[in-house]
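Below is one structure, written out as structure tokens, with a few remarks after it.
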């Protein structure tokens, strides 16, 4: 009996569906080898499992694997209806915001320099507008027909103030101008650091970006989130690695208070504010609007990685500032900007990063405090291979 020729699987985008029923493959693949469609890029969340021997063609067709994430509600069918345009969509917060938009039954449209792939977008196919903030035509296409434009794009590290301003000020202004011309509402996701612009070039650029947006779109909504953490955040991996590698952890002034929010809560609260059609200044955080002490943050990090309660070492403010100055010199020598420098040292030494009695604070609920949020973040880091699974005592 002559064996049948196995057809090679195709990774290209499938052709549009026809009214006729699709014919089953003559040689079904095993369930573990089921190929993902083009609208669902493969994720690196889980390690591949060994492939069993192929079954006979006469065996039952394999059942499709359920996605890690549930499929979102279908987007509106009317062109432009419910469309929310997002800049910075491929960043840490942006990936979660795009998912939140799709799960609300709205249509996300994103600006990206390249075809984006995100482990958080399974079952989601956002409309992609090629380009960046420097392209007026790309911004025009992004905003055309959109109801709302949410501007997330920004720099968190740069060589100097001019480099920060090019993105955090000029980019925000350009996006606001494009949204205004298109008749779309504009939302700027800024930073709590903008409340203290004297501390760093970053903080000053975020405040200047807010002012530039309000000059173009006086009815814009400006949202100031605090420190954001959660699945997909590369900036806080070091915190958990330190908690996992040593029982001695540094803390800053016991008088300092730091507000925080888990990234999925941040995305949900931002979208709630957007859909409420609110204008002006708004802030978001978790249920602890009075913030956390550094000792609470470090203890929660140790608990999240399964470590024993840490021994806390108070770091003098002068030492933090000296480390920032050294980091500045290293950055200039290497010509590579760093998140930590003298400006970030001043931000860390600032005592009040909380929202106590702040009238701009949103009333949306949050599902995570740092205990739960850190635990889920560590689980994700380990599943993604960003953090080892063993604690060293």
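In our numbering, the protein residues as written are 565 to 957.
Backbone N, C-alpha and C fix where the C-beta goes; we use that ideal spot for every residue, glycine too.
- In terms of Cβ geometry, residue 774 and residue 786 form a close pair [threshold 8 Å].
- When rounded, the separation of the alpha-carbon atoms in residue 833 and residue 733 is 24 Å.
- Judged by DSSP secondary structure, residue 775 falls within the alpha helix (DSSP H) whose first and last residues are 765-780.
- Shown here, residue 784 sits in coil according to DSSP, grouped into three states, outside any helix or strand.
- Ranking 769, 661, 789 by CA distance to the CA of residue 796 puts 661 first.
- Taking C-beta atoms as the reference points, residue 739 and residue 670 fail to come closer than 8 Å.
- If you draw a straight line from the Cα of residue 724 to the Cα of residue 717, it comes to about 18 Å.
- By a beta-carbon distance limit of 8 Å, residue 695 contacts residue 677. Their separation comes to about 7 Å.
- For residue 664 against residue 812, the beta-carbon gap comes to about 38 Å, at or over 8 Å, which does not count as contact.
- Where residue 910 is concerned, the enclosing alpha helix (DSSP H) starts and stops at 906-913.
- Restricting attention to 881, 891, 892, 903, the CA atom closest to the CA of residue 913 is found in 881.
- Going by DSSP, residue 744 is part of the alpha helix (DSSP H) stretching over 734-746.
- Only residues of its own chain outside the window of five on either side were considered, and among them 650, 751 have a CB closer than 6 Å to the CB of residue 714, listed in chain order.
- Going by C-alpha positions, residue 868 is about 16 Å away from residue 948.
- A contact between stretches requires three or more CB pairs, one per stretch, nearer than 8 Å, and the segment 847-856 meets this requirement with the segment 813-826.
- Taking C-alpha positions only, residue 816 is separated from residue 860 by approximately 11 Å.
- Residue 729 sits in a helix when the DSSP states are folded into three classes.
- The beta-carbon distance between residue 674 and residue 653, rounded to whole angstroms, is 4 Å. This is short enough to meet the 8 Å contact definition.
- When 846, 904, 871, 921 are compared, the shortest CA-CA separation from residue 855 is found for 921.
- Contact annotation, residue 789 with residue 843: C-beta distance approximately 18 Å; criterion of less than 8 Å not satisfied.
- Secondary structure of residue 878 (DSSP, three-state): strand.
- Excluding five sequence positions before and after residue 805, the CB atoms of its chain that fall closer than 7 Å to its own CB belong to 951, given in chain order.
- Residue 905 has its alpha-carbon roughly 8 Å from the corresponding atom of residue 890.
- Runs of the beta strand (DSSP E) spanning 3 or more residues and lying entirely within the segment 652-702 occur at 671-676, 691-694, in chain order.
- Taking C-beta atoms as the reference points, residue 838 and residue 712 count as a pair closer than 8 Å.
- According to the DSSP secondary-structure assignment, residue 945 is paired through a beta bridge with no residue.
- Taking C-beta separations shorter than 6 Å and ignoring five residues to either side along the sequence, the partners of residue 722 in its chain run 728, 901, following chain order.
- Linking residue 897 to residue 647 through their CA atoms gives a straight-line distance of about 45 Å.
- Residue 767 places its beta carbon less than 8 Å from that of residue 757.
- A Cβ-Cβ separation of about 13 Å leaves residue 808 out of contact with residue 864 under the 8 Å criterion.
- Within the segment 794-878, the runs of alpha helix (DSSP H) that reach at least 4 residues and sit entirely inside it are, in chain order, 801-809, 827-839, 858-868.
- DSSP, reduced to helix, strand and coil, places residue 648 within a strand of the structure shown.
- If you draw a straight line from the Cα of residue 688 to the Cα of residue 672, it is about 9 Å long.
- Rounded to whole angstroms, the gap between the alpha carbons of residue 749 and residue 704 is 14 Å.
- Listed in chain order, the non-local C-beta contacts of residue 937 below 7 Å within the same chain comprise 793, 794, 826, local neighbours out to five positions each way being set aside.
- Pairing residue 746 with residue 707 gives a Cβ-Cβ distance under 8 Å.
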